[in-house]
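Each residue of the sequence shown is one higher than the one before, starting from 17 at the first, in the numbering used here. No residue lacks a Cβ here, since even glycine has one placed at the ideal position from N, Cα and C. Computed from a predicted model, the values in this text were never measured in an experiment. Here's the structure we're looking at; comments come further down.
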Amino acid sequence: MRIDILTVVPELLKSPLNHSIIQRAKDKGVVEIHIHNIRDFSEDKHNKVDDYAFSGGAGMVMRLEPVVKCIEHLSEQRKYDEIIFTTPDGDQYNQKTANNLSLKENIMILCGHYKGIDQRIRDHFISKEISIGDFVLTGGELAAAIITDSVVRLIPGAMSDETSALTDSFQDNLLSPPIYTRPAEFRGWRVPDILLSGDHKKIEKWQEEQAYLRTKKLRPDLLKD
Ligand code: ADE
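Printed below as a string of structure tokens:
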């Protein structure tokens, strides 16, 4: 898979995508992640990429031309399955969307910034608008990093233990069961006996029950689906 991220603040994306599973997935060639600075596509002599809104009011708007130039430059080289815009008024992101995106070949993510972007970019280029929650970030970069992280870990070969992505919380609409490691007892707090029994069938059944009970208690809304 290839992910291209378009931003006016590339520095914000470097660290989150250069560690752990994501870095290993890049090293293994499972994913290519390219970060593009929209300013590089500005024809303004000061590389300006924002301007005042025609409607007036506070806040700057991301200009159309450099974004269009960058999108078209990339689209000439390959076909994109999705061109995503990160924005608080987009569709709420969840594991189902992550699963769907992980099956794509080429994804472009445009990070919003300033007060917003010229609506014509959304109307003519964007295939999917995603919000990571009902709150407003300074820009869409952290949202793009979250989307990229959650998608890349699902690509076959990204993780050494492939079943572990399948047992994540939210797969099957269930939260994960509680998990423990050594020591089996600490300050009198014991790991549930069943986990020390060595009976894998019973352990699996216990984990399924715990996942259900935890979901019922903490996120009953997930069970409605
Ligand atoms: N940009 C600013 N806030 C955002 C949010 N909640 N989700 C996605 N992109 C955003």
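- The Cβ atoms of residue 82 and residue 118 lie no closer than 8 Å to each other.
- In terms of Cβ geometry, residue 46 and residue 163 do not form a close pair [threshold 8 Å].
- Assignment of beta-bridge partners to residue 123 by DSSP yields 19 and 98.
- Note on geometry: alpha-carbon atoms of residue 185 and residue 192 lie some 5 Å from one another.
- In this structure the region 35-45 does not touch the region 139-152; the number of beta carbon pairs closer than 8 Å is below three.
- Checking the 7 Å criterion, the Cβ of residue 104 is within range of a heavy atom belonging to the ligand ADE.
- The nearest non-hydrogen atom of the ligand ADE is 7 Å or more from the C-beta of residue 38.
- Distances from the CA of residue 124 to each of 96, 24 and 131 were compared; the closest alpha carbon is that of 96.
- With respect to the C-alpha of residue 158, the residue from 133, 22, 28 and 173 having the closest C-alpha is 28.
- Judged by DSSP secondary structure, residue 51 falls within the beta strand (DSSP E) whose first and last residues are 48-53.
- Within 10 angstroms of the beta-carbon of residue 216 lie fewer than 16 other beta-carbons, which makes it exposed.
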